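In terms of the numbering used here, the numbers along the sequence shown are unbroken and rise by one, the last being 850.
I have placed the structure first, in the form of structure tokens, so that the comments after it can refer back to it.
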Amino acid sequence: MSDLRVCVDIGSTWTKALVVDPAATAAEAVSVVPATVSTPAWLRCEGVLATAQLPTTLTTDVMDGVAGVVAALGEQVGAHPVVLGQPLVCSSAGGGLRLAVVGYELVVTAEAARRAAVSAGGRVVHLACGVLTAADVADLLAASADVVVLTGGTDGGDPDVLLANARTLAPALAAAGTPVVLAGNADVAQQAEAALVSAGVPVTRTANVLPRIGSLNPLPAREAVRAAFLRHVIGGERLSRGRGLERLVLAATPDAVLAGVQRLATALGGGVLAVDVGGATTDVYSVLSQPAADSVEADVAGLEVASRTVEGDLGMRWSAPGVGEAVAAEQLQAGLLGPLPAASLLELARRPEEVATGPDAARLDSDLARAAAVTAVRRHARPGTAGAPARPLRDVALVLGSGGVLRHGDAARAEHVLAGVCSDHAGMWHVPDAAAQAVDRDYVLCALGLLALGAGAAAG
């Protein structure tokens with residue numbers, strides 16, 4: 391029993407947990423169980439022994455919910471929670487980290503920094519480029535970002551924009567108490583750091599996100615942003631009064647899930663596309679097969695084999711009104727789904743803990759999930775700039791659905807949502823031609839990622 395581990399995901403709406411046997415929980419041990427009349431195809435891993443969920447206790451302390459799900463798991467496996475040991479935890483509660491990105495110009499370094507930021511648990515709320523004016527700084531401050539990601543120039547390139555922006559931003563960010571992740575031109579990064587630090591701005595300097603044109607290097611900045619997430623969101627007082635949460639959380643939930651998707655894709659030897667429809671956000675993860683990655687000429691900001699996007703305006707409860715707006719913007723209504731009444735969506739946002747009861751509410755949930763999934767995958771796959779290629783997802787081997795609306799839904803709901811993604815020929819991307827479809831019913835992706843991150847933390 392002492393060899394078991396508990397994995398916990400603290401979401402904005404629900405706190406989910408599972409007990410796993412690490413020795414039997416590996417990507418190579420994951421299989422897809424075929425669908426039945428009532429049950430969708432789903433991921434199975436023999437190492438997953440029990441699962442539980444409770445509403446996230448945002449109004450008190452999120453650690454209350456963590457203690458609750460761990461106790462529920464202990465009852466299922468017949469062990470006192472203390473015996474199960476310290477859980478491995480990821481979190482997306484509190485809406486994630488709000489990020490402002492400043493770069494040399496929009497298509498190159500600003501886009502490279504945005505990609506690094508969104509894969510580390512952050513949501514980009516402001517994007518700026520070029521030499522900032524006083525009005526630009528005012529707009530950035532109005533976005534109320536938790537962290538500014540400051541980039542600019544390739545190594546050896548134009549040093550002036552990065553230095554000018556560091557000096558312009560320094561007094562404003564110092565007054566606001568906003569920290570900076572500095573990931574720009576290595577030749578002048580130290581000078582830019584000195585300008586910020588001398589004004590009193592907390593700075594984490596890391597490697598350039600774009601050292602050369604076409605050579606994206608997001609990992610160092612991603613790690614710095616992830617550390618900022620843990621320090622400023624998880625370690626802040628808005629989620630938990632004590633320091634226990636900060637010590638437990640290994641990563642933002644999207645970070646952990648992306649690690650799980652990467653491991654599954656490696657084990658399968660093919661590409662994987664995963665769509666997680668949550669209460670507040672809809673996250674999309676894709677890991678390309680190497681042939682697919684090689685088939686597309688990398689754009690100027692580089693092509694990432696593994697990528698994750700988060701859509702903060704698309705969700706089943708907190709962000710339900712945003713789905714209605716997206717349906718209109720994407721012109722999804724005709725033939726794709728039933729009506730999404732604005733008043734009903736507003737009511738869902740007011741009562742995020744609401745569970746659908748009755749056929750009409752279940753139908754609305756199914757259509758809401760389909761619209762969120764289709765829109766989120768469109769945004770994930772579309773080229774970032776005019777003339778650039780779409781993300782090459784045609785040959786992915788497996789399309790996975792996740793989120794409570796799918797985990798607790800029947801086969802018809804999974805078909806409704808995932809078939810919408812795989813038949814969306816109007817979305818400006820090539821849909822998968824022959825992908826299997828399944829639901830991550832038992833949080834397998836999260837467990838794979840947390841175990842890998844936990845092993846890395848122990849080794850470090």
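Using N, Cα and C, we set each Cβ at its ideal position, and we do this for glycine too.
Computed from a predicted model, the values in this text were never measured in an experiment.
Where residue i falls: helix, strand or coil (DSSP)
i    : result
G799 : coil
T558 : helix
A670 : coil
V651 : helix
V662 : strand
L678 : coil
S605 : strand
S730 : Reading off the sequence shown, one finds Leu at residue 730, where the question assumed Ser. If DSSP states are grouped into helix, strand and coil, L730 belongs with coil.
S588 : helix
Q721 : coil
L600 : coil
P610 : helix
V695 : coil
R504 : helix
R637 : helix
R711 : According to the sequence provided, residue 711 is Pro. The question's Arg does not apply to it. P711: helix per DSSP, three-state reduction.
V578 : coil
R831 : coil
R616 : helix
C839 : Per the sequence presented here, residue 839 reads as Gly, with Cys not at that position. Of the three classes helix, strand and coil, the one that applies to G839 here is helix, per DSSP.
G844 : helix
R853 : The question about residue 853 has no answer here: the residues shown for the chain are numbered 391 through 850.
R740 : helix
Selection from the options that minimises the alpha carbon distance to residue i
i    : options                : result
K406 : L658, A431, A461, L730 : A461
S402 : G793, G464, A825, D830 : G793
G810 : V639, L517, Q827       : Q827
R784 : D755, A761, D814       : D814
T656 : M453, V456, G839, L448 : G839
P561 : S605, V410, A576, A528 : A528
A532 : L540, T568, D550       : T568
H516 : L489, A525, L678, A503 : L489
A787 : V422, P749, D757, T415 : V422
D755 : V767, R768, H770, P731 : P731
A820 : A518, D526, V767       : Residue identity differs from the one stated: residue 820 is His in this sequence, not Ala. The candidate whose alpha carbon is nearest that of H820 is V767.
L586 : L448, V538, R616, C519 : V538
G702 : D673, A696, E694       : D673
L663 : L487, T596, H770       : H770
V498 : L606, T415, R781, E737 : L606
P429 : A801, L843, C812, Y833 : It should be pointed out that residue 429 corresponds to Thr in this sequence rather than to Pro. Selected option, being the one with the closest Cα: A801.
G799 : P822, L600, R831       : R831
V556 : E613, G574, A597       : Looking at the sequence itself, residue 556 is Ala, so the reference to Val does not match. Measuring from the Cα of A556, the nearest candidate turns out to be G574.
A597 : A618, L572, V591, A584 : L572
A359 : V420, G714, G661, D526 : Residue 359 lies beyond the stretch modelled for the chain, which goes from 391 to 850, so this question has no answer here.
V578 : G546, T558, A565, T594 : G546
L843 : L722, A646, E495, V717 : A646
L758 : R781, M706, T765, V745 : M706
R781 : S676, A719, L704, T415 : S676
Residue environment, residue i, which counts as buried when at least 16 other CB atoms sit within 10 Å
i    : result
I603 : exposed
T671 : buried
R740 : exposed
E418 : exposed
R637 : exposed
P729 : exposed
A582 : buried
V472 : exposed
H806 : buried
M818 : exposed
L648 : buried
E436 : exposed
S534 : exposed
T449 : exposed
E737 : exposed
Bridge partners - residue i, DSSP secondary structure assignment
i    : result
R595 : L572
S481 : I400, A642
V866 : The structure shown does not extend to residue 866, since the chain is modelled only from 391 to 850, so the question has no answer here.
A826 : L788
T405 : I400, L444
R395 : V410
V700 : D673
heavy atom of the ligand MN below 7 Å from residue i C-beta
i    : result
A597 : As presented, the structure is devoid of all ligands, the ligand MN included, so that no description of it is given.
CB contact below 8 Å: residue i versus chain C
i    : result
A425 : Among the chains in the structure shown there is no chain C, since it carries only a single protein chain.
Run through the stretch 744-824 for me and flag every whole beta strand (DSSP E) of 3 or more residues, listed as ranges in chain order.
-> The qualifying runs are 788-792.
Would you list, in sequence order, the uninterrupted beta strand (DSSP E) runs of no fewer than 3 residues that lie entirely inside the stretch 507-550?
-> The qualifying runs are 512-519, 537-540.
Alpha helix (DSSP H) segments (min. 4 residues) lying fully within the stretch 414-482 | Secondary structure in the stretch 414-482: the alpha helix (DSSP H) runs of 4 residues or longer, each lying completely within the stretch, are 452-467, 471-474 in chain order.
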